[in-house]
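*Asks:* Have a look at the structure that comes next, please.
Numbering (our numbering), first residue to last: 17 to 271.
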């Protein structure tokens, strides 16, 4: 009885820490939560499905704070959903066919490059920039969001960071505003779709879900509150730090 109670408390604490960090920096909950579920005994597919379902609560927690601040651009939100959801479905449907070590190593290298790219451009994401795209550029933006959706459905870890930086670099959002779009749209819609697809394979560990959801709700709200209060520069720094740590961790995990 006591060991089960300790497990539930540990799951809640992991979820609060992972999702507060993710909500503040614009992604990365999977860096902490997904490996933790695997280390606690779940196989990869079950850990991924359980993490996906619990991460929907991150979107709920963050949405409560960001919607109060009117942080979303509705036109861009439709683009993110239209481009990303088919990719999430494809990635979640084919996750078991992917070579895990190779994909994880590639994701680690890409994540590191994102952090380095952002850190070498001090003014990137400090303010919103008005971006005008022609048809070809709009197609590129949609194609990249689709590709990130595939990563989100199949590997989970790191995809939120990709979305955040893509919204900053290609669509001209500031870091806090990009974080808001990532948390609500990726957290709710993308992760919800992935959880639904993986849930049909009966991989979700339902006994662990309540504690993870409570922790995700609390962590999501706290992290979103901090990102709105602290401003672009601190959010940018947190993003770059998390991208570096996540990239190194994924490379080590792939060895």
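For every residue, glycine included, the Cβ atom is placed at its ideal position computed from N, Cα and C.
Between the segment 181–196 and the segment 151–170, can you find at least three pairs of beta-carbon atoms closer than 8 angstroms?
*Replies:* yes
*Asks:* Rounded to a whole number of angstroms, what is the C-alpha to C-alpha distance between residue 165 and residue 75?
*Replies:* The C-alpha of residue 75 is placed about 16 angstroms away from the C-alpha of residue 165.
*Asks:* Can you give the Cα-Cα distance for residue 95 and residue 199, rounded to whole angstroms?
*Replies:* Cα-Cα distance, rounded: 15 angstroms.
*Asks:* Pull up the distance between the alpha-carbon of residue 177 and that of residue 255, whole angstroms please.
*Replies:* 8 angstroms
*Asks:* Quick one: Cα of residue 107 to Cα of residue 163, how far?
*Replies:* 9 angstroms
*Asks:* If we count the other Cβ atoms within 10 Å of its Cβ and call it buried at 16 or more, is residue 138 buried or exposed?
*Replies:* exposed
*Asks:* Given 8 angstroms as the limit, is there contact between the segment 96–104 and the segment 48–58, that is, 3 or more CB pairs closer than that?
*Replies:* The segment 48–58 and the segment 96–104 do not touch, with fewer than three beta-carbon pairs separated by less than 8 angstroms.
*Asks:* Quick one: residues in its chain with C-beta nearer than 7 angstroms to the C-beta of residue 28, no 5 flanking neighbours on either side, listed in chain order?
*Replies:* These residues qualify, in order along the chain: 227, 230 and 231.
*Asks:* Taking only runs of the alpha helix (DSSP H) that begin and end inside the segment 189–219, which ones reach a length of at least 4 residues, in chain order?
*Replies:* 191–197 and 207–215
*Asks:* Tell me, to the nearest whole angstrom, how far the beta carbon of residue 37 is from that of residue 250; I am working on the premise that it is less than 8 angstroms.
*Replies:* Not confirmed; about 13 angstroms, so no contact.
*Asks:* For residue 170, which option in 30, 271 and 211 has the closest C-alpha, if you only look at C-alpha atoms?
*Replies:* If we check each option's Cα against that of residue 170, 211 comes out closest.
*Asks:* Count the other C-beta atoms from every protein chain shown that fall within 10 angstroms of the C-beta of residue 132, then say buried if there are 16 or more, exposed otherwise.
*Replies:* Exposed, because fewer than 16 other Cβ atoms sit within 10 Å of the Cβ of residue 132.
*Asks:* So what's residue 149 in DSSP terms, helix, strand or just coil?
*Replies:* coil
*Asks:* Please report the distance separating the alpha-carbon of residue 129 from that of residue 260.
*Replies:* 8 angstroms
*Asks:* Can you tell me whether residue 21 is buried or exposed? The criterion is at least 16 other CB atoms within 10 Å of its CB, across all chains shown.
*Replies:* exposed
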